[in-house]
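A.B. asks: In my numbering, the protein residues as written are 75 to 504. Submitted below is the structure of interest, expressed as structure tokens.
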């Protein structure tokens with residue numbers, strides 16, 4: 075099947091008029107948008123790689139999460155492997171121009187087949203880009219290399235990560251650079267501290283240091299600059315947010331702060347809905363200010379719900395990946411998603427390497443609603459969603475045609491990428 079014939083989700087909402095206006099504006103100002111990005115990357119280089127979860131409500135398109143240590147590479151359209159390869163070459167050229175050997179340091183999963191398939195795909199991208207690649211594991215009980223055969227027919231080998239002085243290696247393999255695919259939810263690995271080799275992304279943007287509220291503060295600034303370029307309301311591409319800390323849901327400490335910010339944000343969203351004639355009920359997402367894997371998240375439609383959580387709900391809000399205690403939360407504007415795949419709710423996820431959009435997919439959940447988190451058990455992925463490169467709009471087609479819709483997604487995702495770049499720059503100064 076030719077890539078152009080792949081099915082893509084439909085946007086099922088009466089608000090398509092507003093979306094078409096935004097898409098039309100992006101397409102008409104493409105040259106200005108791309109020049110603006112080029113200038114921005116000269117000031118702040120992009121992260122090595124990044125994935126961004128988007129929500130498309132028909133009246134706004136906004137990022138709701140930005141991952142600096144993305145998995146899910148196995149869900150990308152294989153047709154765009156060459157695009158991934160070229161982007162990886164550019165990213166490595168910038169980080170370590172003389173690089174030959176690359177060491178990937180992954181999550182310590184040995185049974186998560188989906189993650190291991192992603193790891194195998196990431197390694198394949200780097201090999202095809204012209205590098206020698208090995209995988210150094212942080213598992214502490216390794217006595218010999220661990221070989222894992224995957225359902226795809228591929229095989230990965232995890233080797234013990236060793237340190238000698240200010241350099242790390244595996245067996246007889248000494249890397250020129252270390253590529254982290256480990257989000258450090260449980261803390262910064264001591265073995266990777268103060269190395270002579272480049273470590274990307276840097277240790278200080280792992281979840282042991284990073285806060286979502288800081289990222290979205292950077293994004294707010296980026297969205298404001300972009301909105302000035304196009305003369306639009308930043309809200310069209312920016313989710314409103316507030317944050318609270320300290321919070322302990324089990325001890326019911328900090329509830330007042332969360333409830334107060336929920337109410338303030340709902341009021342702020344309703345004002346925007348009134349301005350733009352949006353006939354929907356505002357909602358917010360309360361989630362851990364650090365962490366990933368869709369844990370520690372809940373949808374709230376009324377501030378009173380914070381005081382009415384049952385024990386099971388409170389337990390879910392006590393810890394995130396790796397049992398890390400939730401002590402801070404971000405209260406984020408809930409953005410409806412009205413895209414569907416075979417009548418199931420869907421949201422786009424965009425992948426980037428360096429400053430290039432290299433693909434994406436739709437996260438689909440048959441049992442979740444348009445106002446709920448889709449990153450939850452029961453989700454699946456449709457890897458063929460981005461049937462055309464996200465940076466190649468087609469002005470001869472309708473603004474809502476697939477390549478043009480995906481161009482808009484690519485623009486908003488790169489706004490989040492720029493925010494992440496500035497976030498990394500700030501963290502590096504500390």
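The beta carbon of each residue, even a glycine, is placed where N, CA and C say it ideally should be.
Alpha carbon to alpha carbon, what distance is there between residue 245 and residue 439?
C.D. replies: For residue 439 and residue 245, the distance between alpha carbons rounds to 43 Å.
A.B. asks: Tell whether a beta-carbon distance below 8 Å holds between residue 197 and residue 187.
C.D. replies: The answer is no: Cβ separation not under 8 Å.
A.B. asks: Determine, using beta carbons only, whether residue 297 and residue 489 come nearer to each other than 8 Å.
C.D. replies: Contact: yes.
A.B. asks: Would you identify the three-state DSSP class for residue 140, choosing helix, strand or coil?
C.D. replies: In the structure shown, residue 140 sits in a strand (DSSP, three-state: E or B).
A.B. asks: Hey, out of 161, 408 and 269, whose CA is closest to residue 339's CA?
C.D. replies: Ranking 161, 408 and 269 by Cα distance to residue 339 puts 408 first.
A.B. asks: According to DSSP, is residue 258 helix, strand or coil?
C.D. replies: Coil.
A.B. asks: Does the separation of the CB atoms of residue 256 and residue 179 fall below 8 Å?
C.D. replies: Closer than 8 Å, so yes.
A.B. asks: Thinking just about the alpha-carbon of each residue, which of 95, 94 and 107 is nearest to the one in residue 484?
C.D. replies: Among 95, 94 and 107, the Cα nearest to that of residue 484 belongs to 107.
A.B. asks: Tell me the rounded alpha-carbon separation between residue 157 and residue 432.
C.D. replies: The straight-line gap from Cα to Cα measures roughly 6 Å.
A.B. asks: Taking the C-alpha atoms as reference points, what is the distance between residue 495 and residue 114?
C.D. replies: So the alpha carbons of these two residues sit roughly 10 Å apart.
A.B. asks: What residue from 378, 500, 110 and 406 has the CA that sits closest to residue 290's CA?
C.D. replies: With distances taken between Cα atoms, residue 290 lies closest to 406.
A.B. asks: Across the region 303 to 313 and the region 127 to 142, are there enough close Cβ pairs to call them in contact, namely three or more that are closer than 8 Å?
C.D. replies: Contact between the region 303 to 313 and the region 127 to 142 is present, because at least three Cβ pairs lie under 8 Å.
A.B. asks: CB-CB under 7 Å to residue 221, same chain, minus the five flanking residues each way: which ones, in chain order?
C.D. replies: Closer than 7 Å at the Cβ level, and outside the excluded window around residue 221, lie 229 and 231.
A.B. asks: In three-state DSSP terms, what is residue 158?
C.D. replies: Helix.
A.B. asks: Looking only at C-alpha atoms, which of 148, 177 and 162 sits nearest to residue 189?
C.D. replies: When each option's Cα is compared against that of residue 189, the closest is 148.
A.B. asks: Going by beta-carbon coordinates alone, are residue 125 and residue 423 separated by less than 8 Å?
C.D. replies: In this structure, residue 423 lies closer than 8 Å to residue 125 by Cβ.
A.B. asks: Which residue spans inside the region 371 to 419 form an unbroken beta strand (DSSP E) run of at least 3?
C.D. replies: Fully enclosed beta strand (DSSP E) runs of 3 or longer: 371 to 374, 402 to 407 and 413 to 415.
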